[in-house]
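**Student:** Read in order, the letters of the sequence shown are residues 5 to 314 in our numbering.
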Amino acid sequence: MALDFAAGCVGGAAGVLVGHPFDTVKVRLQVQNVDRPLYRGTFHCFQSIIRQESTLGLYKGIGSPMMGLTFINAIVFGVQGNAMRKLGRDTPLHQFLAGASAGAIQCVICCPMELAKTRMQMQGTGEKKSKRKLYKNSLDCLVRIYNREGIRGINRGMVTTLLRETPGFGVYFLTYDVLTRSLGCEPEDTYMIPKLLFAGGMSGIASWISTYPVDVIKSRLQADGVGGVYQYNGIMDCIRQSLKKEGWRVFTRGLTSTLLRAFPVNATTFATVTLFLLYMREGQECSIQDSEPPSVQLQPLQPQTQANSM
Numbered sequence: 005m006a007l008d009f010a011a012g013c014v015g016g017a018a019g020v021l022v023g024h025p026f027d028t029v030k031v032r033l034q035v036q037n038v039d040r041p042l043y044r045g046t047f048h049c050f051q052s053i054i055r056q057e058s059t060l061g062l063y064k065g066i067g068s069p070m071m072g073l074t075f076i077n078a079i080v081f082g083v084q085g086n087a088m089r090k091l092g093r094d095t096p097l098h099q100f101l102a103g104a105s106a107g108a109i110q111c112v113i114c115c116p117m118e119l120a121k122t123r124m125q126m127q128g129t130g131e132k133k134s135k136r137k138l139y140k141n142s143l144d145c146l147v148r149i150y151n152r153e154g155i156r157g158i159n160r161g162m163v164t165t166l167l168r169e170t171p172g173f174g175v176y177f178l179t180y181d182v183l184t185r186s187l188g189c190e191p192e193d194t195y196m197i198p199k200l201l202f203a204g205g206m207s208g209i210a211s212w213i214s215t216y217p218v219d220v221i222k223s224r225l226q227a228d229g230v231g232g233v234y235q236y237n238g239i240m241d242c243i244r245q246s247l248k249k250e251g252w253r254v255f256t257r258g259l260t261s262t263l264l265r266a267f268p269v270n271a272t273t274f275a276t277v278t279l280f281l282l283y284m285r286e287g288q289e290c291s292i293q294d295s296e297p298p299s300v301q302l303q304p305l306q307p308q309t310q311a312n313s314m
């Protein structure tokens, strides 16, 4: 299980660096005021942020996911691998259940992390140098929210986070397992890395599509209250107000940016984790063979008896 955690840490850091600018665009589009929209779409949002806030504007709030996503991925891959070992048999249902359990557990870190990230991403919108910063950094953001609202404040959006992450990670690992098996991702395959990248990227896309409407509501609830002004009384009130003002299309706001981000981020994450585990297990196999020649050899890419669908 230690290997699963270590692999998740490596994959998490790689994924954050690749995808954070797309995430900033996604959040801006999801929560912008429909009566006075700042952005016409994904590419206009990219251009506006760079023009008005410089390229660094795309990386606002990156401190929170850099701190949190490393641990989140470690938890996700560790819990998923352990759950598969406990469940025993490798079936599509078990893949989904193991992924869902991992998704639910990591919400304890994910929710506060995304709250801080969202608040930081919204801070200083359209300003190259913010005239009045509410928060110095992600940690300061969480401390200020805690001092003002307590534990409930830093867990704002927890229910929607659970509703997004639990089925989302189930779909995530299930899709990856199905694709890697269909594509025949074996260690000796010349095209193993491109296949892993494709399977990881498509898994991310499938996961986001399955839960994206919930993510829109989560972002709106977590951005609500900036400056002390609250617009929503809860999840259902947020859904009602959003539908009334913007119609069903509200649940697709920022989807283009999300899918553009989902493929490279998850391709990088899954490929990194898989190759890391493969390399480490090959090293273990060599050590076992050198010290005890008759022992049973390890199978690096046997997913369900090891960590995950690798």
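All C-beta atoms, glycine included, are put in the ideal place defined by N, C-alpha and C. Since the structure is predicted, the reported quantities are computational estimates derived from the model, not experimental observations.
Which runs of the alpha helix (DSSP H) at least 4 residues long sit entirely within the region 219–258? Give them in chain order.
**Tutor:** Positions of the alpha helix (DSSP H) runs, each at least 4 residues long and wholly inside the region 219–258, are given as 239–250 in order along the chain.
**Student:** Val163 to Gln226, Cα distance in whole Å?
**Tutor:** 11 Å
**Student:** Where does the unbroken alpha helix (DSSP H) through Cys189 begin, and where does it stop?
**Tutor:** Cys189 -> no alpha helix (DSSP H), and no H or E assigned at all.
**Student:** Taking Ser211 and Val175 to be in contact with their CB atoms under 8 Å, please state how far apart those CB atoms are, rounded to whole angstroms.
**Tutor:** Confirmed, about 5 Å.
**Student:** Comparing C-alpha positions only, which one of Glu250, Gly61, Pro116 sits nearest to Gln36?
**Tutor:** Glu250
**Student:** Are Ile76 and His24 closer than 7 Å when you measure CB to CB?
**Tutor:** no
**Student:** Could you give the DSSP three-state label for Ile292: helix, strand or coil?
**Tutor:** Reliability fails at Ile292, whose pLDDT of 43 lies under 50, so the model's placement of it is uncertain and no value is given.
**Student:** Grab me the residues of Val87's own chain with a C-beta within less than 6 Å of its C-beta, minus the 5 sequence neighbours each way, in chain order.
**Tutor:** Reading off the sequence shown, one finds Ala at residue 87, where the question assumed Val. Excluding the 5 residues flanking it on each side, Ala87 has same chain C-beta neighbours closer than 6 Å at Ala102, Ser105, in chain order.
**Student:** Can you give me the start and stop residues for the alpha helix (DSSP H) that Asn77 sits inside?
**Tutor:** Where Asn77 is concerned, the enclosing alpha helix (DSSP H) stretches over 67–91.
**Student:** Mind checking whether Leu166 and Cys111 have CB atoms under 7 Å apart?
**Tutor:** A contact, by the Cβ cut-off of 7 Å.
**Student:** Compare the C-alpha of Phe173 against each of Ile209, Arg55, Gly238 and name the closest.
**Tutor:** Ile209
**Student:** With DSSP as the reference, label Asp27 as helix, strand or coil.
**Tutor:** helix
**Student:** Using a Cβ distance threshold of 8 Å, determine whether the region 133–147 contacts the region 37–53, with at least three qualifying pairs required.
**Tutor:** Flag = no, the region 133–147 and the region 37–53 do not touch.
**Student:** Run the CB neighbour count on Lys248, radius 10 Å, all protein chains shown included, and call it buried at 16 or more, exposed below.
**Tutor:** Under this definition Lys248 is an exposed residue.
**Student:** Thr122 and Val31: beta carbons closer than 7 Å?
**Tutor:** yes
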